[in-house]
Amino acid sequence: MHKSALDSFKNFTNTYLKFIENPHIVEIGSLIKNKKNKFTSDALRILVDPNIKFTGLDIEDGPNVDLVLKDPYKIPLPDSSVDMVVSVSTFEHTEFFWLTYLEILRILKPDGLFFLNVPSNGIYHRQSTDNWRFYPDSIIALEKWGRKNNFNPKVLEHFTLDHRGREIWCDYVSVTIKDEKFCNKFPDRIINKIQNFRNGRTNNSEKILNYTMAPQDMSHWGWALYYKVRKILNKINKKY
Numbered sequence: 005m006h007k008s009a010l011d012s013f014k015n016f017t018n019t020y021l022k023f024i025e026n027p028h029i030v031e032i033g034s035l036i037k038n039k040k041n042k043f044t045s046d047a048l049r050i051l052v053d054p055n056i057k058f059t060g061l062d063i064e065d066g067p068n069v070d071l072v073l074k075d076p077y078k079i080p081l082p083d084s085s086v087d088m089v090v091s092v093s094t095f096e097h098t099e100f101f102w103l104t105y106l107e108i109l110r111i112l113k114p115d116g117l118f119f120l121n122v123p124s125n126g127i128y129h130r131q132s133t134d135n136w137r138f139y140p141d142s143i144i145a146l147e148k149w150g151r152k153n154n155f156n157p158k159v160l161e162h163f164t165l166d167h168r169g170r171e172i173w174c175d176y177v178s179v180t181i182k183d184e185k186f187c188n189k190f191p192d193r194i195i196n197k198i199q200n201f202r203n204g205r206t207n208n209s210e211k212i213l214n215y216t217m218a219p220q221d222m223s224h225w226g227w228a229l230y231y232k233v234r235k236i237l238n239k240i241n242k243k244y
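Take the sequence shown: its position 138, counted from the start at 1, is 142 in this note's numbering, and no numbers get skipped.
Below, the structure is given as structure tokens:
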């Protein structure tokens, strides 16, 4: 798991976890591949208090997995039983992520939170497929999908992280509460504590913070230089 994803999860728990007593956290897509020990630096569970109940779900068994999903779109947990569901670098590989989203809403308590971190950019990386990238309005569309299916979710905040060094993924980060009635339980926002983001909003505000039309790789000097060099090389190759 890349560093910016781990950092955004830390920001999420630092901002929201303090408002929940004895939380149960469920991670969607928890498998750590090619690791002998599940408690590695890539495991989200080691970033929270070890006394917190943490359940890792995946479609394969292995390190850091507590429950294997027989059906990727059916979570074997009761309705309204979980305080937080987190998914990091998984929805891009999930073919029908909108079905997963409905299951997440089902198992969350009314005041439960869903934390999503997913690439908006980056290389093609199959596990076993690579299907999606998420843009600024993606989580708003999922909120509407939830309401269409008789839930009452509310996006508390969402934003896209900037490209920094080798962090090419430009993570799309969002926090959603299952029932809009409980928004006031969580007064703090990650977006008020960070600066390296673009196209952010809180509580579906029409105001977009750090607005930009250009994709990150078009406005970052390193990628701009890369595209120029590639264009020159293409011209040279065509001549010969």
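The beta-carbon is built from N, C-alpha and C at its ideal position, and this holds for glycine as well.
Across which residues does DSSP place H162 in a beta bridge pair? S178, R205
Considering only their Cβ atoms, is the gap separating E161 from I195 smaller than 7 Å? yes
Looking only at its own chain, which residues have a Cβ that is under 7 Å from the Cβ of W173, when we skip the five neighbours before and after it? Counting only Cβ-Cβ distances below 7 Å, and skipping sequence neighbours, we find H6, S8, P123, N125, G126.
Go ahead and pull the three-state DSSP assignment for F118. strand
What does the Cβ neighbour count give for M88, buried or exposed, with the cut at 16 atoms within 10 Å? Buried, by the Cβ-count rule.
In this structure, how does DSSP classify L81 when only helix, strand and coil are distinguished? coil
Same chain, Cβ closer than 6 Å to S84, five either side skipped, listed in chain order: Hits under 6 Å: K113.
Under a three-way DSSP split, which group does N156 fall into? strand
If contacts are defined as beta-carbon pairs under 8 Å, then S93 and N121 qualify, I think. What distance do you get, rounded to the angstrom? 7 Å
For G33, name the three-state secondary structure that DSSP assigns. coil
Rounding to the nearest angstrom, what Cα-Cα distance links D65 and F16 in this structure? Near 27 Å, if we compare the C-alpha coordinates of F16 and D65.
Using DSSP with H/G/I as helix, E/B as strand and the rest coil, what is V233? helix
Rounded to the nearest angstrom, what separates I32 and K152 at their Cα positions? 23 Å
K42 in three-state terms, based on DSSP: With a pLDDT of 49 at K42, under the threshold of 50, the modelled position of this residue cannot be trusted, and the question is left open.
If we ignore side chains and look at the alpha-carbon of each, how far apart do K78 and V86 end up? 15 Å
Counting pairs of beta carbons, one from the segment 100-108 and one from the segment 55-71, are three or more of them closer than 8 Å? no
Under a Cβ-count criterion, where at least 16 other Cβ atoms within 10 Å of its own Cβ denotes burial, should I181 be classed as buried or exposed? buried
Top-ranked residue by Cα proximity to V179, from S34, S91, N214: S91
Taking P82 and L71 to be in contact with their CB atoms under 8 Å, please state how far apart those CB atoms are, rounded to whole angstroms. Contact doesn't hold; Cβ gap of about 13 Å is too wide.
Classify Y20: buried if its beta carbon has 16 or more other beta carbons within 10 angstroms, exposed otherwise. buried
Pair within 7 Å by beta-carbon distance, N214 and D183: no
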